[in-house]
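Quick mapping for you: the protein sequence lines, in order, are chains A and B. The numbering of the first sequence is our numbering, which starts it at 117 and goes up by one. The numbering of the second sequence is our numbering, which starts it at 82 and goes up by one.
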Amino acid sequence: MTSRTPDWLLERLHAGDLPEGEAARVRARLRAEGGLSRLDALGADDAAFRLAHPAGRVLTEIRGRAGRPGPRATAGVFWRLGPAVAATVLLLLGVVLVPRTGLLGGGAEGTGTKGGPQLVVYRQRAGQDAEVVVAGTPVRAGDLLQLAYHSAGARYGVVVSVDGRGGLTLHLPEGGGSAAALSGGGVVRLPHSYELDDAPSFERFFLVTGNEPFAAAVVLDAARRLWASGAAETGPLLLPAGLGQEAVLLRKR
Amino acid sequence: MPIDVEAYYRDLGPMVLRRCRRLLRDEEKAVDAMHDTFVNLLRADRRLIDRAPASLLLRVATRVCLNRLRTERRHPEDRDDEALLAIAAEPEPLGPSVARLVLARLLGGERESTRLMAVLHFVDGLTLDEVGREVGLTAEAVRKRLRKLRARVAERREDDLLPEVRP
Numbered sequence: 117m118t119s120r121t122p123d124w125l126l127e128r129l130h131a132g133d134l135p136e137g138e139a140a141r142v143r144a145r146l147r148a149e150g151g152l153s154r155l156d157a158l159g160a161d162d163a164a165f166r167l168a169h170p171a172g173r174v175l176t177e178i179r180g181r182a183g184r185p186g187p188r189a190t191a192g193v194f195w196r197l198g199p200a201v202a203a204t205v206l207l208l209l210g211v212v213l214v215p216r217t218g219l220l221g222g223g224a225e226g227t228g229t230k231g232g233p234q235l236v237v238y239r240q241r242a243g244q245d246a247e248v249v250v251a252g253t254p255v256r257a258g259d260l261l262q263l264a265y266h267s268a269g270a271r272y273g274v275v276v277s278v279d280g281r282g283g284l285t286l287h288l289p290e291g292g293g294s295a296a297a298l299s300g301g302g303v304v305r306l307p308h309s310y311e312l313d314d315a316p317s318f319e320r321f322f323l324v325t326g327n328e329p330f331a332a333a334v335v336l337d338a339a340r341r342l343w344a345s346g347a348a349e350t351g352p353l354l355l356p357a358g359l360g361q362e363a364v365l366l367r368k369r
Numbered sequence: 082m083p084i085d086v087e088a089y090y091r092d093l094g095p096m097v098l099r100r101c102r103r104l105l106r107d108e109e110k111a112v113d114a115m116h117d118t119f120v121n122l123l124r125a126d127r128r129l130i131d132r133a134p135a136s137l138l139l140r141v142a143t144r145v146c147l148n149r150l151r152t153e154r155r156h157p158e159d160r161d162d163e164a165l166l167a168i169a170a171e172p173e174p175l176g177p178s179v180a181r182l183v184l185a186r187l188l189g190g191e192r193e194s195t196r197l198m199a200v201l202h203f204v205d206g207l208t209l210d211e212v213g214r215e216v217g218l219t220a221e222a223v224r225k226r227l228r229k230l231r232a233r234v235a236e237r238r239e240d241d242l243l244p245e246v247r248p
């Protein structure tokens, strides 16, 4: 049995969950054993968690398991921290936010209609401007990507990705449910960035658009079927009539 | 006001994952158990308020992990892990699903699991007083429950894996 302050109490203190007297007692104990830095470590781990396990994606999974429909799409947790806090977290993680450069195009595979909606992938690089990642560009695990779209007048959209392990990620809408109402007027960034994990070989992003509302599940099912067919790197999603698609394939190295 | 599961995930998801990592010692299983913890919360109810959400989620996560460990057959990595697996193997007398236990706890009607108390004391290192404060029992009541559990574990294993229950 350990004599240092148990993690259980440390977590409750960190969460602000302990009654006042108990919190003071645990804090004093930590101070006495030189363990206040453990609280700082929890704060840093929280920030890393929020990048690695974004709420939109995870809550979709959780609601699916619970058999409950998702709520309306909500803003990403990370970006809801507020620009200053979000920037601080990124700096702590060695990432520098840069202003939107207005770059567009060059990233897609060309599966969509020319002049139609476009999906743009930026890579954020520490100390440098964000770069547009064109199709086929080698990327690696840990790269921080920012997805954006140009609706070209399309009213509703869903962004999903499939990776080399067959893992599906719903990027837009974050909470599942119906396709997000797209904003017009240029390139629109999704609410949060996306860190590539260590899935092998590739990550392929799809923007599916339509002028009538449709369910994000339609796109997820199509992506799942595409993966099962063995054509996830090159094939199109088989979608209902009236929906268009744009894809960007990134190669892992 | 309802329980806001999304806010709970946002604020306490990292804590839940750390808890699951500590007990399961496997990243993939820990992430899965974290998801199940929130699934149980969703299934329990969204209309209720809990005054200590971190405590609630730590308990739910612990129960989820204990249930997983109980069905797992793996070699313990150290003495703490061995104790945890032994506690997990103890029958859970309350029976119902974790989600129902969450609901019962939120309503204030749950009899706390001895397995949870055992993990808090023998694995996490909380004193009897601290365990008592966590579960709303006196230290003496906790001591009695843990002594009985320790005896059952020792009988099953024919050794004294769990240390003496101490203040």
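Think of the CB as a built atom: it goes at the ideal place given N, C-alpha and C, for glycine as much as any other residue. All of these numbers come straight from a predicted model, not from anything done at the bench.
Compute the beta-carbon to beta-carbon distance between residue i and residue j, rounded to the nearest angstrom, for a pair I have assumed lies under 8 angstroms.
{"i": "L235(A)", "j": "S267(A)", "result": "That pair is no contact at about 11 angstroms."}
{"i": "L98(B)", "j": "V112(B)", "result": "7 angstroms"}
{"i": "Y265(A)", "j": "V304(A)", "result": "6 angstroms"}
{"i": "V204(B)", "j": "D161(B)", "result": "6 angstroms"}
{"i": "L150(B)", "j": "L139(B)", "result": "At roughly 16 angstroms, the Cβ-Cβ gap does not stay under 8 angstroms, so L150(B) and L139(B) are not in contact."}
{"i": "L85(A)", "j": "A257(A)", "result": "Outside the shown range of chain A, which is 117 to 369, sits residue 85(A), and nothing can be said about it."}
{"i": "V364(A)", "j": "A295(A)", "result": "Actually they do not touch by this definition, with Cβ atoms about 19 angstroms apart."}
{"i": "D117(B)", "j": "V145(B)", "result": "5 angstroms"}
{"i": "L197(B)", "j": "T143(B)", "result": "6 angstroms"}
{"i": "A333(A)", "j": "V278(A)", "result": "Rounded, the Cβ-Cβ distance is 15 angstroms, inconsistent with contact."}
{"i": "E163(B)", "j": "L242(B)", "result": "6 angstroms"}
Could you check the C-alpha separation between residue i and residue j for me, to the nearest Å?
{"i": "G360(A)", "j": "F321(A)", "result": "14 angstroms"}
{"i": "K229(B)", "j": "E177(A)", "result": "40 angstroms"}
{"i": "E127(A)", "j": "A135(B)", "result": "8 angstroms"}
{"i": "R196(A)", "j": "P248(B)", "result": "Low confidence applies to R196(A): its pLDDT is 35, below 50, so where it sits in the model is not reliable, and the reading given next is rough at best. In a straight line, the C-alpha of R196(A) is about 45 angstroms away from that of P248(B)."}
{"i": "M115(B)", "j": "L93(B)", "result": "10 angstroms"}
{"i": "G213(B)", "j": "L227(B)", "result": "12 angstroms"}
{"i": "A232(B)", "j": "D240(B)", "result": "10 angstroms"}
{"i": "T227(A)", "j": "G183(A)", "result": "The predicted model places T227(A) with a pLDDT of 42, which falls under 50 and marks its position as unreliable; any figure quoted below should be read in that light. About 34 angstroms."}
{"i": "V335(A)", "j": "V276(A)", "result": "8 angstroms"}
{"i": "A338(A)", "j": "A331(A)", "result": "12 angstroms"}
{"i": "E87(B)", "j": "L175(A)", "result": "7 angstroms"}
{"i": "R91(B)", "j": "R173(A)", "result": "12 angstroms"}
{"i": "L104(B)", "j": "L167(A)", "result": "23 angstroms"}
{"i": "T253(A)", "j": "L366(A)", "result": "6 angstroms"}
{"i": "L125(A)", "j": "S194(B)", "result": "19 angstroms"}
{"i": "R350(A)", "j": "L261(A)", "result": "In the sequence under discussion, the amino acid at residue 350(A) is Thr, which differs from the Arg named in the question. So the alpha carbons of these two residues sit roughly 21 angstroms apart."}
{"i": "H308(A)", "j": "V223(B)", "result": "46 angstroms"}
{"i": "D159(B)", "j": "P244(B)", "result": "14 angstroms"}
{"i": "E149(A)", "j": "P122(A)", "result": "12 angstroms"}
{"i": "V248(A)", "j": "V255(A)", "result": "12 angstroms"}
{"i": "D156(A)", "j": "A131(A)", "result": "12 angstroms"}
{"i": "L137(B)", "j": "C101(B)", "result": "14 angstroms"}
{"i": "Y310(A)", "j": "P233(A)", "result": "21 angstroms"}
{"i": "G180(A)", "j": "I168(B)", "result": "31 angstroms"}
{"i": "G292(A)", "j": "L209(B)", "result": "45 angstroms"}
{"i": "L134(A)", "j": "L207(B)", "result": "15 angstroms"}
{"i": "L288(A)", "j": "A171(A)", "result": "12 angstroms"}
{"i": "K368(A)", "j": "D85(B)", "result": "37 angstroms"}
{"i": "E136(A)", "j": "Y89(B)", "result": "21 angstroms"}
{"i": "N148(B)", "j": "E109(B)", "result": "16 angstroms"}
Which residues in chain B sit within 7 angstroms of residue i, going by Cβ to Cβ distance?
{"i": "A182(A)", "result": "V120, L123, R124"}
{"i": "D162(A)", "result": "P95"}
{"i": "L175(A)", "result": "E87, Y90"}
{"i": "E290(A)", "result": "None at all; the shortest Cβ gap to chain B is about 10 angstroms."}
How would you list, in chain order, the residues of chain A whose beta-carbon sits under 7 angstroms from the beta-carbon of residue i?
{"i": "A135(B)", "result": "E127, R128, A131, D133"}
{"i": "D155(B)", "result": "Sequence check: residue 155(B) is Arg here, not Asp. None at all; the shortest Cβ gap to chain A is about 22 angstroms."}
{"i": "D205(B)", "result": "P122, D123, W124"}
{"i": "P147(B)", "result": "Note that residue 147(B) corresponds to Leu in the displayed sequence, not to Pro. None at all; the shortest Cβ gap to chain A is about 14 angstroms."}
{"i": "L201(B)", "result": "W124"}
Using a Cβ cut-off of 9 angstroms, pull out every chain A residue sitting near residue i, in sequence order please.
{"i": "H116(B)", "result": "V174, E177, I178, R181"}
{"i": "R103(B)", "result": "D123"}
Determine the chain A residues that contact residue i at a beta-carbon separation under 8 angstroms, and present them in chain order.
{"i": "E211(B)", "result": "P122, L125"}
{"i": "L98(B)", "result": "F165, H169"}
{"i": "R214(B)", "result": "E138"}
{"i": "L139(B)", "result": "W124, E127, R128"}
Cβ-heavy atom distance between residue i and the ligand ADP below 6 angstroms?
{"i": "L263(A)", "result": "Among the components modelled here there is no ligand, and therefore nothing to report on the ligand ADP."}
Cβ pair count under 8 angstroms reaching 3, the segment 132-144 of chain A against the segment 157-176 of chain A: no
Touch test, the segment 300-312 of chain A against the segment 261-279 of chain A, Cβ-Cβ under 8 angstroms, three pairs minimum: Counting C-beta pairs with one atom in each stretch, the segment 300-312 of chain A and the segment 261-279 of chain A have three or more that are closer than 8 angstroms, which means they touch.
Stretch pair the segment 279-293 of chain A + the segment 329-349 of chain A: three plus CB contacts closer than 8 angstroms: yes
Inter-stretch contact at 8 angstroms, needing at least 3 Cβ pairs: the segment 349-360 of chain A / the segment 324-339 of chain A: yes
Against chain B: residues of the segment 333-350 of chain A by CB proximity under 8 angstroms: Within the segment 333-350 of chain A, no residue places its CB atom closer than 8 angstroms to a CB of chain B.
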